[in-house]
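J.: Sequence order for the protein chains is F and Y.
Okay, so the first sequence: first residue is 0 according to numbering that gives the first Met the number 0, each after it adds one.
Okay, so the second sequence: first residue is 0 according to numbering that gives the first Met the number 0, each after it adds one.
2 protein chains.
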Amino acid sequence: MEFLVNYAWLWGLLGLVLAFFIYKYVMSFPPGDKVMVEIMERIHAGAMVFLKREYKIISVFIVVVFVLLYMGLDHKMTSVAFLAGAICSLMAGVFGMQAATLSNARTAEAAKTHGQATALTVAFFGGSVMGLSVASLGLLGLGVFFMLFAGTDPGVINGFAMGASSIALFARVGGGIFTKTADVGSDLVGKVEAGIPEDDPRNPGVTADNVGDNVGDIAGMGADLFESYVGSVVAAIAIGATMGLGVEGMAMKWMMLPMLFIIVGLASSVIGIGLFNMLKNMSPQSALSNGLYIAGVLFIASSYFVVKTITADMTPEYLQSLGIRGPLGPFWAVLMGIVAGMLIGAVTEYYTARKPIRRIAEASQTGSATTIISGFAVGLESVALPVFFIAMAIWLSYLSCGLYGIAIAGVGMLGTVGMTMSVDSYGPISDNAGGIAEQAHMPPHVREITDGLDAVGNTTAAIGKGFAIGSAALTALAMFAAVSQTMKTYPGFENFALDLTEAHVITGLFLGALIPCLLAAMTMTAVGEAAFDMINEIRRQFREIPGIMAGTTPPDTNSCVDIATTAALKRMILPGIAAVISPVLVGIFIGPEALGGFLAGATLTGVILGLLMANAGGAWDNAKKYIEQGNFGGKGSDAHKAGVVGDTVGDPFKDTSGPAMNILIKLMSVVSLVTLPAIIAIYHMIYG
Amino acid sequence: MEFLVNYAWLWGLLGLVLAFFIYKYVMSFPPGDKVMVEIMERIHAGAMVFLKREYKIISVFIVVVFVLLYMGLDHKMTSVAFLAGAICSLMAGVFGMQAATLSNARTAEAAKTHGQATALTVAFFGGSVMGLSVASLGLLGLGVFFMLFAGTDPGVINGFAMGASSIALFARVGGGIFTKTADVGSDLVGKVEAGIPEDDPRNPGVTADNVGDNVGDIAGMGADLFESYVGSVVAAIAIGATMGLGVEGMAMKWMMLPMLFIIVGLASSVIGIGLFNMLKNMSPQSALSNGLYIAGVLFIASSYFVVKTITADMTPEYLQSLGIRGPLGPFWAVLMGIVAGMLIGAVTEYYTARKPIRRIAEASQTGSATTIISGFAVGLESVALPVFFIAMAIWLSYLSCGLYGIAIAGVGMLGTVGMTMSVDSYGPISDNAGGIAEQAHMPPHVREITDGLDAVGNTTAAIGKGFAIGSAALTALAMFAAVSQTMKTYPGFENFALDLTEAHVITGLFLGALIPCLLAAMTMTAVGEAAFDMINEIRRQFREIPGIMAGTTPPDTNSCVDIATTAALKRMILPGIAAVISPVLVGIFIGPEALGGFLAGATLTGVILGLLMANAGGAWDNAKKYIEQGNFGGKGSDAHKAGVVGDTVGDPFKDTSGPAMNILIKLMSVVSLVTLPAIIAIYHMIYG
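Next comes the structure, spelled out in structure tokens:
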């Protein structure tokens, strides 16, 4: 077992090499004719320009935080780990986006010449580059720092998670603003005002819209899951480090366990991806689901053996003293995480694709006001079961192995991130393929195939979002547990407790709750205002360049990409800084108890708002699609118009503000974990 | 001082007598011509029928709970106190509604014959019957039980708060569903489809709409504030009872203090109301604000002397051992409550009447989707400052006198409820007066005056809502503190703590958070579906009775009142039962720690959702009004249409689901406080 962990970085590296070969394999498919290549190149270039500009701004932030950490913390290597975490997240983004934005035309071409099965393969393998990059880079980075510091100074590893979190915030918030600015702007002018279909090449916003799908759902989601993945492992290591109880070598075992889980998780994902060629002749929905099941079952089985081996020489008394119920305790926690993730996914699917969307579609008959009211009610209702499952996962994993169990449940939920993220990335590739088919005027059967792939992609995207929030909740709670456990290791804080009947804790709880509200308000306003600029630009082009509508002059798509990029980058800075600074300020000025309450309040409110907004948005989207299928009057009816309003309102809900919550709650916890020593020192300086 | 408290019930009775004379005074104004009287009678009858039917259902619930409490608790008198609390709340509702629904026509007539000043007086004094009834009945009931049980068994008094809470839930939820079913239904068909103005006598839903204003904003708000008022006093008494520290007679002093505050608070309100005749020639806004200021300043001044007298013979050491900072400690907590209440009111006014509504109105130019997005963003943003003020009030009042301080801050915020509630009730009376002016075709200058009064009423209503949530938060937290302090008095629970790093507490926290979401979803769905029935009924009448639109046949307004009544009563039961049972279940099955987390999670989420929905709703309402004043195209423009959608969405937000949150969080806390002994007993039976 130790052998496996010592070479964890090597398994990560191997995963990356595999991702590279898959990338080459996908690139071996032809991208189609000149027009298709041109469109693909435009999307690719737009995405890369966005990433480059985004990374330039992020790098300033990263350098500043690096310097602050270097100066403020005693363990200088923490700041190096921070840098490494940030770089790994950035690299995963570049690799995944490179593959995805060059797979879209290839998917469309495969649909044209080979049919659905090949198109499905190309889209899936194109997405799996992102999936494998996320899992492998995480393992590589964690492996290196684990090897170097687990034995001497495990706190250093926390820095890696903070680096990942910092990138994730910017990628999610910036990406979210970009994608919805482009989507809302081009839809409102193109579809509603000019009456041209979605993805019509005459719409100046079409490229920005296509770029946005990649920026939001691939780069944003990737950074999000990368953060959860790394964060849950780091939290488990941090808690594990406090579990030695003086028995030689035992703390190391608990620290190794999460690393082992993600090693077997990566292997399970690789096998699942490798077997996909055998599944490609099924319906896209079954192929993807079965891929997920294969990876999941392999992961569960191998986790069982991992846990059995690790706890083999531990006495029942020792386990009990740690609050671990029997030698299989950690296995139950892993299982709890997987089951909770699947249940949350199923509930999300129910609320965004089943009966509730018909209820919204029905309400659309009496106008857009009732569409909004019923959709919001569906969103509120949809919060209940996922939160219940999260609560049960917390409770049961705690019963099975204490606070450590909560972190392990998080690791379990994310163990097969290589596969989950592959399925998530598949969606935008299919969506883009459809866009290219439309813009390049490809034969109808191509659009039919890509539409079929895209429809499945919408469902996987909705499930992915539920999953992302669930994992964010567990990761944030695990981090929160790590913060409080670490707190107890400071001199004078041996009896540190976060008593809810203590006013500082309650004060912190309320202060924490207002941060997600503010972040959601800021990001939503950002989309609203940027979309306004985008609308004016598209209107201007239609007005001033008469050749566009006639199809004789191409629209200036670059200006729209530029508007979305600038808006996204400008608007992501303030929320980002607020998220990083607020826990530090609360900790310093109101004290560590308030900080604990603050994190709990922010996590709780973030989870609630995140689920509410993501699910309401998804439900409105699919209610509109349900009407478009011919229900309640179909396309062009009053119900459809109301449905479009719901869909537009849902856009920033589900793709900007909702997902931003995931990141926020994780980032605030990890910032607290890393800066805790400095916070305590300054607090003591002020209050003595 | 003791003399004052011993006769607290007498002061309450005197307040009631005063309310009766004010009622007689208002009734001495003429109600106008036959048409006006007829409309008034219809509204009056509709309101009374609703109350009667509502009370019939509630009484079943009350009797069941009474029997359960009687059988389940050792202190049988607690169930009697419960009954008394329920009856006092019901009586306040009847008295207030009786006065309000007979003041509307009198206000309109006064506007016609005497002008604005007299109309303002009639509307205000009509509302003050509700204000004085709430304050006096609260004092009367609390006074009786205090006199009988404070010295021997103060826990009995908790029952009074639970009775008040139970009624409040039904009054708020039922009233909220009634008012918005009527409003949304009659607006969508009348204003949007048939193109007739609001309050047009040809609209079959007009009476239901007018009744709804009273049912929601007077009976609902009255029960809400009655509950907060009683609840904060009861929590302060419960905490005070634990503060004796073995010093003879000291616990009694801390228990007396909140009673003294509400006695001087009632006196301050009475003086404020009495002086209103001197203010009536000011603008309505200034007159009402100055009335509030006068009562507030008197209350602060008299609280200062009350605190000085009570703590006069306490040693600094004794005070310090209780965490009370100096002999003026409780005074600072009272002041903190008042200041926080005023600040929350000011923020609410800003978000629902200033720059943010212009932002929403501007966004309405690009359609209803952007109206909704910007309004929701305003709602989210508006949560931040009030939550910040609540957090600061908690922190500072705790610093000034411990957990007791939080309860005292709540008492401070509600001390002048007699005045606050009078101002709140003034709004619907003016609104109704305008409706009567319209339906009775009164001269334009009448409508002008009533519109002016109504506009101020909208602002006071918005502030009142912010205030109601703020006071609910403090009351719920005070109750929560009382629960945990009481917990520590049980054998085996001396060291009871709610450690947030303990999984049961976190599990409870998450479970608690899902309840407000579910309640909001249920109430919102109820309005959506009941409005749908109402719409169909109004459409049917327009279709089948051609004489309605010609003005020759009166519409059947009773059927609409009946639809709203039935829907409200049917739909309030499930949420009501869920709110009462859920804390008991959590406490019994997951344990008292989980119950503590549960209450904290529910309070936090309830406050966030309550503020979000109330303020977003208020902002949409006023954004529409802002457009109607001629901005961005004025009435009939596309921006106006979008504004109407926002207003309609905001209706259930601000008047049904939002206010339901206030009650929910208080009710769950008080149920826990009262049933705690039974919960602990059953928990021990199950888990040993």
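Glycine included, C-beta positions come from ideal geometry on N, C-alpha and C.
Bear in mind that the values here come from a model prediction, so they are computed numbers and not experimental data.
1. Taking the Cβ atom as the reference point for each residue, do G336(Y) and G409(Y) lie within a distance shorter than 8 Å?
2. Rounded to whole angstroms, what's the CA-CA distance from A251(F) to F145(F)? Just pull it up for me.
3. Contact check, Q364(F) vs A622(F) under 8 Å by CB: the rounded distance?
4. Return the CA-CA distance between F2(F) and P326(F), expressed in angstroms with no decimal places.
5. Give a yes or no on whether 8 Å exceeds the smallest Cβ distance from M523(Y) to chain F.
6. At a Cβ threshold of 8 Å, is C559(F) touching chain Y?
7. I681(Y) by DSSP, collapsed to three states: which one?
8. Which residue from T419(Y), G322(Y), P283(Y) and S164(Y) puts its Cα closest to that of S429(Y)?
9. If contacts are defined as beta-carbon pairs under 8 Å, then L518(F) and F597(F) qualify, I think. What distance do you get, rounded to the angstrom?
10. Tell me where the alpha helix (DSSP H) around N535(Y) begins and ends.
11. With burial defined as no fewer than 16 other Cβ atoms inside 10 Å of the residue's Cβ, what is the status of K653(Y): buried or exposed?
12. Between which two residues does the alpha helix (DSSP H) containing L9(Y) stretch?
13. Taking only beta-carbon atoms, is E380(F) less than 8 Å away from chain Y?
14. Sort W619(Y), A599(Y), M242(Y) and I56(Y) by Cα distance to T647(Y) and report the nearest one.
15. Could you pull the DSSP bridge partners for C400(F) from this structure?
16. Whole angstroms are fine: how far does the CA of G404(Y) sit from the CA of I309(Y)?
17. Could you check whether M533(F) and A563(F) sit closer than 8 Å to each other, using their CB atoms as the reference points?
18. Please tell me whether, using a cut-off of 7 Å, the distance from the CB of S285(Y) to the nearest non-hydrogen atom of the ligand FAD is below it.
19. Answer with yes or no whether the minimum CB distance from D498(Y) to chain F is below 8 Å.
20. Is I238(Y) close to chain F? Criterion is C-beta to C-beta, closer than 8 Å.
21. Using the beta-carbon count (16 or more within 10 Å), is Q484(Y) buried or exposed?
22. Assess contact between the segment 376-388 of chain F and the segment 477-495 of chain F, defined as three or more Cβ pairs (one per stretch) separated by less than 8 Å. Is contact present?
23. What first and last residue would you give for the alpha helix (DSSP H) that runs through Q438(Y)?
24. Going along chain F, which residues have a C-beta under 7 Å from V648(Y)?
25. For D498(F), which beta-bridge partners are listed by DSSP?
26. So Y397(F) contacts chain Y; which residues on that side make the cut at Cβ distance below 9 Å?
27. Under 8 Å between C-beta atoms, does A360(Y) make it to chain F?
28. If we define contact as Cβ-Cβ less than 8 Å, is L187(F) a contact residue for chain Y?
29. Quick one: is W394(Y) near chain F, going by C-beta distance under 8 Å?
30. Excluding sequence positions up to five away, which residues of its chain have a Cβ less than 6 Å from the Cβ of T556(Y)?
31. How do the segment 105-116 of chain F and the segment 52-71 of chain F stand: do at least 3 beta-carbon pairs fall below 8 Å, yes or no?
32. Compute the Euclidean distance between the alpha carbons of A677(Y) and T500(F), then round it to the nearest angstrom.
33. Are W8(Y) and L136(Y) closer than 8 Å when you measure CB to CB?
34. Any idea what DSSP makes of A311(Y), helix, strand or coil?
35. DSSP on T647(Y), reduced to helix/strand/coil?
36. Between S102(Y) and the rest of its own chain, which residues show a CB-CB distance below 7 Å, the 5 nearest in sequence each way excluded?
T.: According to the data block:
1. Position 337 of the second sequence holds residue 336(Y). Position 410 of the second sequence holds residue 409(Y). In contact: G336(Y) and G409(Y) (Cβ atoms closer than 8 Å).
2. Translated into positions along the first sequence, residue 251(F) becomes position 252. Translated into positions along the first sequence, residue 145(F) becomes position 146. The residue asked about is misnamed: residue 251(F) is Met in this sequence, not Ala. Spanning the two alpha carbons is a distance of roughly 10 Å.
3. Locating residue 364(F) in the first sequence gives position 365, where the first residue counts as 1. Locating residue 622(F) in the first sequence gives position 623, where the first residue counts as 1. Q364(F) to A622(F), Cβ: 12 Å. No contact.
4. Numbered from 1 along the first sequence, position 3 holds the residue referred to as residue 2(F). Numbered from 1 along the first sequence, position 327 holds the residue referred to as residue 326(F). Taking the straight line from one Cα to the other gives about 22 Å.
5. The residue labelled residue 523(Y) in the question sits at position 524 within the second sequence. For M523(Y), the answer is yes, since a Cβ of chain F falls inside 8 Å of its Cβ.
6. Mapped onto the first sequence, residue 559(F) falls at position 560. It does not; no Cβ of chain Y falls within 8 Å.
7. Here residue 681(Y) is taken as the residue at index 682 of the second sequence, counted from 1. Looking at I681(Y) - three-state DSSP - the assignment turns out to be helix.
8. Your numbering for residue 429(Y) matches position 430 in the second sequence. Looking at the Cα atoms, P283(Y) is the closest of the given residues.
9. Working through the first sequence from its first residue, we reach residue 518(F) at position 519. Working through the first sequence from its first residue, we reach residue 597(F) at position 598. With a Cβ gap of about 14 Å, L518(F) and F597(F) do not count as contacting.
10. Here residue 535(Y) is taken as the residue at index 536 of the second sequence, counted from 1. Start and end: A502 to E543.
11. The residue you call residue 653(Y) lines up with position 654 of the second sequence. K653(Y) is buried by the Cβ-count criterion.
12. Here the question's residue 9(Y) lines up with position 10 in the second sequence. A7 to M26 is the extent of the alpha helix (DSSP H) around L9(Y).
13. Translated into positions along the first sequence, residue 380(F) becomes position 381. Cβ-Cβ to chain Y under 8 Å: yes for E380(F).
14. Taking the second sequence and counting its residues from 1, the one referred to as residue 647(Y) is at position 648. Measuring from the Cα of T647(Y), the nearest candidate turns out to be W619(Y).
15. For the purposes of this step, residue 400(F) is taken as the residue at position 401 of the first sequence. For C400(F), which the question treats as bridged, DSSP gives the partners I323(F).
16. Sequence index remark: in the second sequence, residue 309(Y) carries index 310 (1-based). Sequence index remark: in the second sequence, residue 404(Y) carries index 405 (1-based). So the two alpha carbons sit approximately 15 Å from each other.
17. For the purposes of this step, residue 563(F) is taken as residue 564 along the first sequence, with counting starting at 1. For the purposes of this step, residue 533(F) is taken as residue 534 along the first sequence, with counting starting at 1. Taking 8 Å as the Cβ cut-off, A563(F) and M533(F) qualify as a contacting pair.
18. As far as ligands go, the structure on display features none, and thus does not contain the ligand FAD.
19. Position 499 of the second sequence holds residue 498(Y). Cβ-Cβ to chain F under 8 Å: yes for D498(Y).
20. To locate residue 238(Y), count along the second sequence from 1; it is residue 239. So no, I238(Y) is outside the interface.
21. Taking the first residue of the second sequence as 1, we reach residue 484(Y) at position 485. Under this definition Q484(Y) is a buried residue.
22. no
23. Taking the first residue of the second sequence as position 1, residue 438(Y) is located at position 439. Unbroken alpha helix (DSSP H) run through Q438(Y): V416 to Q438.
24. Position 649 of the second sequence holds residue 648(Y). In chain order: A368, I371 and I372.
25. Position 499 of the first sequence, counted from the first residue, corresponds to residue 498(F). Beta-bridge pairing links D498(F) to D498(Y).
26. The residue you call residue 397(F) lines up with position 398 of the first sequence. Here the neighbours are E501, A502, H503, I505 and T506.
27. Locating residue 360(Y) in the second sequence gives position 361, where the first residue counts as 1. False, the Cβ-Cβ gap to chain F never drops below 8 Å.
28. On the first sequence, position 188 is the one that residue 187(F) refers to. L187(F) counts as touching chain Y.
29. On the second sequence, position 395 is the one that residue 394(Y) refers to. Yes, because at least one Cβ of chain F sits closer than 8 Å to the Cβ of W394(Y).
30. As a working note, residue 556(Y) is residue 557 in the second sequence. Excluding positions up to five away in sequence, the list reads P203 and T206.
31. no
32. If you number the second sequence from 1, residue 677(Y) lands on position 678. If you number the first sequence from 1, residue 500(F) lands on position 501. Going from the Cα of A677(Y) to the Cα of T500(F) covers about 21 Å.
33. Taking the first residue of the second sequence as position 1, residue 8(Y) is located at position 9. Taking the first residue of the second sequence as position 1, residue 136(Y) is located at position 137. Taking 8 Å as the Cβ cut-off, W8(Y) and L136(Y) do not qualify as a contacting pair.
34. One-based indexing of the second sequence puts residue 311(Y) at position 312. A311(Y) falls in the coil class under three-state DSSP.
35. Numbered from 1 along the second sequence, position 648 holds the residue referred to as residue 647(Y). Three-state result, T647(Y): helix.
36. Counting from 1 along the second sequence, the entry for residue 102(Y) is found at position 103. Taken in chain order, the residues that qualify are V25, V121, A122, G125 and I428.
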